Each structure stands twice: as structure tokens, then as C-alpha cells.
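> Residue numbers (this note's numbering): 600 to 1130.
Where a beta carbon is used, it is the ideal one built from N, C-alpha and C, also for glycine.
As the structure is a computational prediction, the values presented were derived from the model and not from experiment.
I have a structure I would like to understand better, so I am pasting it below and will then ask my questions one at a time.
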């Protein structure tokens, strides 16, 4: 309420460059004072300057707040690359929630933006869903125990498949974000998963090869092994007759799905192949070879050798090589009309190219990520490009102009429940990060975390003992369990907390837990309509 009017008055009184210089000079003066007196002596002056810089929309990169007192600053969702907080008093300061690298992105097949979803998976084992139209969160899929390396929507958009470092393929309902099935059989990590065009099969690729799964029965259909090393990518042709796989051995294998045999091995890349992708069936046939032939099953491949190659998958012939970058290419994806592709590069810039063989330079350069770009995708309507990066963000770009549209700070750990405990001196919180956290209510300091739940925390309660000699904390979770922890013993708050026991019995998510007044009983209520 105070910052906006003050910022407006400052903007009216000073030119933008002069205003930033004045605030920077003030910071230098405050640092000089801090060196000769306690940091607390300058009160909240530095915090106020920082809030003003944010309100005035100044770029904070390179700012030096070291050895200053930045107390009770609110920095959630504020990007702070290269900002120096060394030896800074950050008491009570709220930073952005815990983020994780985003490894993969995919759009749902709906061409209507009002119905389309964007999915992203990453380092914390979760998959986030957003509505494309308003970029609001739509759901979260929790189940993988490690990195999610790939996600793919079914042709009708009803299902989402994911492949993880934990060696499992998981199938999710996109409407509810609930896990429907886990495909187990791989013995090593997985890097890729894809649906067949008719939605009847899943193909997954990883450290132990390629597996095919029947979706009607959820049973394995076949194991494909011929490549040396791990498989990083699998893709069905638009007509479903071919399956391409590639990975560590720098060779693309083209499988005939009707004859269940290997048709071609495509050589040319000089380093690991990270992606294979077929041009969409309804794409333009504008790509012409020198013989003026239309290519029915045109395949793109990306590699750590810095090139994207186009192949005739039917004949097993190389069509063209694009020297995209002098850096690793982590993924390539076609536009919905098949006339362009976008490459995710580790340098960290995404590039959009025309597939015409005379295209020597990219049509667009998508700059903005601060770390390698790991995944890219075109929206089905061709209007957007999504990119995922190790800088923990998903970015949306205008596919026509290359202009940045939005940044999805992809992995906020949403808090679902919080309660005061231990005579009001502490706060216990829990949420999507599966942790119960205990905080000092007066200083905002996190004291410890209670780890063990395998899904989001839904409710927290503590025993109501007024003497506080022994305090128990109960937490309920979407993993169907209730855990009871000891957080205070003999009048002393424990340094770590201790799990006493688990309660099982509900057949659906418990949403509420409470202790009886004497602390002898624990009651729970759940979506299975039982208490």
C-alpha cells in the first residue's frame, strides 16, 4: 500500500537512470555505516530500498547486498540471479519457494487453447499441469521417486504418460491428476515415453532398451533390444507403422511395427542422440528433396554433436543436416504444420528453424533462460513455443515473433496446511513437498522437517497438552497414511522430531485429523466417507 505511491512519486521526481543511481549510492552509504556499527543499527533501510527496486521494476542482476541487513524482505517470485547476499542478515526474509530443474514439457493435443494443457516434469519427481489459456495451475501428479525425464499426452488428451529415473512408466488422468497405473519392468532409468497414434500402445526407452506396453490390458507386449547403450528417445510415425529409437550409440533404429522387425539403422551423428521426432501427418508436404519428392515419414534427430538431421525413415536415407549450435542439443520438436522445428540447446538458447534445406540460419532465437534448455514443444495451434530449463522455469514464447510471453516458475512447493503448536510459539506447515516443517513463529526460522510421507500433506494437528511436557504431532497425506511424530519431550523441543508410528486403514485420502482433548485418541476423516 505504501510502496506504490512512493514509487510513483520517485518516478515523477527523477529520471529512471538517475533514480537507480540514487538508490545504489544509498546502498553504498549504508554499507559504510554497517562496517562501523552493527547491521541492525540501520533498521529496515536496506529492505526498503530492495522493495523499492522491485516495485520500480529494476533489474537486480549484479546488485551487492553483502554484509547488510535485509530483514523481513518479501522476495517470493523475484528472480535473483547473481545478486550477492554474502554475510547478509536475512532474518525473516521470504525467498521464492523451493524450485527444481524442469526436464521436459509437452502440450496436450487440443488445438483449442481454452482446453489445452501444458505439462512439465522435473527434478522433484512431480509433474505440473497448467491451463494454456490463462497459465494457471491445473494439477500436480505425484508418484515418481526421482527425476521425471519425459511426459507425453495420449492422442485424445485424456491420459498423460511419464518416464522417470526410477525406472517406471506411469499413466495419469489429466482431469484429476491421479495415478491410474504404474508399468514396471524396466531395470534401469527411463528417458522417453510415447503413445502410438491410435492410443493402444505405449513405448518406453531407457538404460535397458525399448519396451512396448498394451494399454487395454496394461501388460508388456514386447522388448526391443539392439542398441548398444541406453535409449534416450522413442517415437512412433504418424501412421503407426514405424517406431524410431536412438540414444548413446549415436545410431537411429527404425522398427517395422507390422512385421515386428528392425528395418533400418541410420548412421551419421557423431555423439549421443537425444531426440527422434516424426513430422506430424497433417503437416505440410513443403519439404522437398533435390529430387522433388514428398517425404511421407520425415524424421528429425538431435544430438550432442550440435546438429539436427532430417531423414526419410521409410528409405533409411539422410535428407539434410542443420548445424544448429556449437553446443549440445537436448531436444527437437516439430511445429504442428510440420514446416519448422525448435531445438533445445545447452548454451542456453532455443532456436526455431525452417525445415527447408536452404535454411542456413534459424528463423528465431529464443533468449531468456539462465541455464541449459532441456526440452521444447510447439502448441497444437502453432501459436506458442514452450521451453523448459535447468534454471527451474518453463517459458512461453510467441511462435510467430519469438517474443517472450510468460515465465512459469515451475516448481513452487504449495503449502496446503498450517497450524500453531507448542503454546503458539511455533508453526507447523505441510504441502506438496511431502514434508512437515516446524517454524519459530517469532523469528520465522525453520527448525526442522519431518520426512516420510510419499504424497502431499493434507492436515496437521498437535496434542493439546497445556503443560507442553510431551507434544505429539499428527499429519495426514494423500498417500492414505497418517503419521504421528514426537516433537517435544520432557519440556524440550526436539532438534529433529521423531516418528512414533503410522496409521493405515483409509481407502481414500485422509483430509482431517484431530486429537481428543486429553491426547489419548486421534480421529481422522477421509474421502472414503469414514471417520
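#1: By the three-class DSSP mapping on this structure, what secondary structure does residue 650 have?
#2: Sort 835, 834, 806, 838 by Cα distance to residue 826 and report the nearest one.
#3: So the beta strand (DSSP E) residue 929 belongs to, where does it begin and stop?
#4: Buried or exposed, going by whether 16 or more other CB atoms sit within 10 Å of the CB of residue 964?
#5: Report the option in 771, 746, 688 whose CA atom is closest to the CA atom of residue 707.
#6: On the premise that residue 987 lies in contact with residue 702, defined as a C-beta separation below 8 angstroms, what is that separation, rounded to the nearest angstrom?
#7: Quick check on DSSP: helix, strand or coil for residue 817?
#8: Smallest Cα separation from residue 907: which of 1047, 925, 751?
#9: Taking only the alpha-carbon atoms, compute the straight-line gap between residue 1151 and residue 790 and give it to the nearest angstrom.
#10: Here's the rule I'm using: 16 or more other beta-carbon atoms within 10 Å means buried, otherwise exposed. How should residue 594 be labelled?
#11: State the Cα-Cα distance for the pair residue 823 and residue 650, rounded to the nearest angstrom.
#12: Would you decide whether residue 864 is buried or exposed? Buried here means 16 or more other CB atoms lie within 10 Å of its CB.
#13: Return the chain-ordered list of same chain residues with a C-beta closer than 6 angstroms to the C-beta of residue 781, the five sequence neighbours on each side being excluded.
#14: Provide the residue span of the beta strand (DSSP E) that contains residue 850, from first to last.
#15: Which residues in the same chain as residue 748 place their Cβ atom closer than 8 angstroms to its Cβ, once the five residues preceding and following it in sequence are excluded?
#16: Can you give me the Cβ contacts of residue 663 inside the same chain, cut-off strictly under 6 angstroms, excluding the 5 residues immediately before and after it?
#17: Look up residue 872 in the DSSP assignment and give the residues it is bridged to.
#18: State the DSSP-derived secondary structure class of residue 645, mapped to helix, strand or coil.
#19: Please return the same chain residues whose Cβ sits closer than 6 angstroms to the Cβ of residue 882, not counting the five positions on each side in sequence.
#20: So residue 1045 is in the beta strand (DSSP E); what residue range does that whole segment cover?
#21: Does the Cβ-Cβ distance between residue 1118 and residue 1062 come in under 7 angstroms?
#22: For my contact list, residue 1054 and residue 1078 are in at a C-beta cut-off of 8 angstroms; report their separation, rounded to the angstrom.
#23: According to DSSP, simplified to helix, strand and coil, what is residue 775?
#24: Check whether the Cβ atoms of residue 912 and residue 954 sit closer than 7 angstroms, and answer yes or no.
#25: What residue does the beta strand (DSSP E) around residue 721 start on, and which one ends it?
#26: Who are the Cβ neighbours of residue 1050 in its own chain at under 6 angstroms, not counting the five residues just before and after it?
#27: Once the 5 residues before and after residue 1005 are set aside, which same chain residues still bring their CB inside 8 angstroms of it?
#28: Using only the alpha-carbon positions, how far apart do residue 905 and residue 746 sit?
#29: One question on the structure: do residue 809 and residue 753 come within less than 7 angstroms of each other, judged by their Cβ atoms?
#30: Cα separation between residue 1026 and residue 1085?
#31: Within a Cβ cutoff of 7 angstroms, which residues of the same chain sit near residue 866, ignoring the five residues on either side of it in sequence?
#32: Going by DSSP in three states, residue 734 sits in which element: helix, strand or coil?
#33: Where does residue 751 fall in DSSP's three states?
#34: Do you know whose CA, among 660, 629, 616, 661, lies nearest residue 647's CA?
#35: Rounded to whole angstroms, what is the Cα-Cα separation between residue 760 and residue 717?
#36: For the beta strand (DSSP E) containing residue 1160, name the first residue and the last one.
Judging by the given coordinates:
#1: For the purposes of this step, residue 650 is taken as residue 51 along the chain shown, with counting starting at 1. Residue 650 sits in a helix when the DSSP states are folded into three classes.
#2: On the chain shown, residue 826 is found 227 positions in, with the first residue counted as 1. Check the Cα spacing between residue 826 and each of 835, 834, 806, 838: the tightest is with 806.
#3: As a working mapping, residue 929 is identified with position 330 in the chain shown. Judged by DSSP secondary structure, residue 929 falls within the beta strand (DSSP E) whose first and last residues are 928-933.
#4: Along the chain shown, one-based indexing puts residue 964 at 365. Counting Cβ neighbours within 10 Å, residue 964 comes out exposed, since fewer than 16 surround it.
#5: Numbered from its first residue, the chain shown carries residue 707 at position 108. Ranking the options by Cα distance to residue 707, first place goes to 771.
#6: Stepping through the chain shown from its first residue, residue 702 is reached at position 103. Stepping through the chain shown from its first residue, residue 987 is reached at position 388. In this structure residue 702 is in contact with residue 987, their Cβ atoms being roughly 7 angstroms apart against a cut-off of 8 angstroms.
#7: Along the chain shown, one-based indexing puts residue 817 at 218. Reduced to three states, the DSSP call for residue 817 is coil.
#8: On the chain shown, residue 907 is found 308 positions in, with the first residue counted as 1. Selected option, being the one with the closest Cα: 925.
#9: Residue 1151 cannot be examined here, being either before or after the span of the chain that is shown, 600 to 1130.
#10: Only positions 600 to 1130 of the chain appear in the structure, and residue 594 is not among them; the question remains open.
#11: The residue you call residue 823 lines up with position 224 of the chain shown. The residue you call residue 650 lines up with position 51 of the chain shown. Between residue 823 and residue 650, the C-alpha separation is close to 57 angstroms.
#12: By 1-based counting over the chain shown, the position of residue 864 is 265. So residue 864 counts as exposed.
#13: Along the chain shown, read from residue 1 onward, the residue named residue 781 stands at position 182. Within the same chain, 767, 769 come within 6 angstroms of residue 781 by CB-CB distance, once the 5 residues on both sides are set aside.
#14: Taking the first residue of the chain shown as position 1, residue 850 is located at position 251. That residue, residue 850, is in no beta strand (DSSP E); it is neither H nor E in DSSP.
#15: Here residue 748 is taken as the residue at index 149 of the chain shown, counted from 1. Within the same chain, 702, 703, 720, 762, 763, 764, 788, 789, 790, 791 come within 8 angstroms of residue 748 by CB-CB distance, once the 5 residues on both sides are set aside.
#16: As a first step, residue 663 must be located in the chain shown, where it is residue number 64. Hits under 6 angstroms: 683.
#17: Walking along the chain shown from the start, residue 872 turns up at place 273. DSSP links residue 872 through a beta bridge to 902.
#18: Residue numbering aside, residue 645 sits at position 46 when the chain shown is read from its first letter. Correct three-state label for residue 645: helix.
#19: The residue you call residue 882 lines up with position 283 of the chain shown. Its pLDDT being 45, under 50, residue 882 is placed unreliably by the model, and the measurement read from it follows with that caveat. So the qualifying residues of the chain are 936, 937.
#20: As a first step, residue 1045 is located in the chain shown; it is residue number 446 there, counting from the start. Annotation: the continuous beta strand (DSSP E) that includes residue 1045 extends over 1045-1049.
#21: Here residue 1118 is taken as the residue at index 519 of the chain shown, counted from 1. Here residue 1062 is taken as the residue at index 463 of the chain shown, counted from 1. Yes, the Cβ-Cβ distance between residue 1118 and residue 1062 is below 7 angstroms.
#22: What you label residue 1054 is simply residue 455 of the chain shown in a count that begins at 1. What you label residue 1078 is simply residue 479 of the chain shown in a count that begins at 1. Between residue 1054 and residue 1078, the beta carbon gap of about 4 angstroms places them in contact (Cβ cut-off 8 angstroms).
#23: Start at 1 with the first residue of the chain shown, and residue 775 comes out as number 176. DSSP places residue 775 in the coil class of the three-state scheme, outside both helix and strand.
#24: Position 313 of the chain shown, counting from 1, holds the residue named residue 912. Position 355 of the chain shown, counting from 1, holds the residue named residue 954. No; because the gap between Cβ atoms is not below 7 angstroms, this pair is not in contact.
#25: Within the chain shown, the letter at position 122 stands for residue 721. Counted as a single uninterrupted DSSP element, the beta strand (DSSP E) harbouring residue 721 occupies residues 716-721.
#26: Taking the chain shown and counting its residues from 1, one reaches residue 1050 at position 451. Here the set comprises 1034.
#27: Looking up residue 1005 in the chain shown gives position 406. Here the set comprises 734, 994, 995.
#28: Sequence index remark: in the chain shown, residue 905 carries index 306 (1-based). Sequence index remark: in the chain shown, residue 746 carries index 147 (1-based). So the two alpha carbons sit approximately 25 angstroms from each other.
#29: In the chain shown, residue 809 corresponds to position 210, counting from 1. In the chain shown, residue 753 corresponds to position 154, counting from 1. Not closer than 7 angstroms, so no.
#30: Residue 1026 sits at position 427 when you count from the first residue of the chain shown. Residue 1085 sits at position 486 when you count from the first residue of the chain shown. Per the coordinates, the alpha-carbon of residue 1026 lies some 15 angstroms from the alpha-carbon of residue 1085.
#31: Start at 1 with the first residue of the chain shown, and residue 866 comes out as number 267. Sequence-distant partners of residue 866 (beyond 5 residues in either direction) whose C-beta falls short of 7 angstroms from its own C-beta, in its chain, are 850.
#32: As a working mapping, residue 734 is identified with position 135 in the chain shown. In the structure shown, residue 734 adopts coil according to DSSP, grouped into three states.
#33: As a working mapping, residue 751 is identified with position 152 in the chain shown. Note: residue 751 maps to strand in three-state DSSP.
#34: Numbered from 1 along the chain shown, position 48 holds the residue referred to as residue 647. Of the candidates 660, 629, 616, 661, the one whose C-alpha sits nearest the C-alpha of residue 647 is 629.
#35: Along the chain shown, one-based indexing puts residue 760 at 161. Along the chain shown, one-based indexing puts residue 717 at 118. Residue 760 and residue 717: Cα-Cα distance of roughly 13 angstroms.
#36: No answer is possible for residue 1160: the residues shown for the chain start at 600 and end at 1130.
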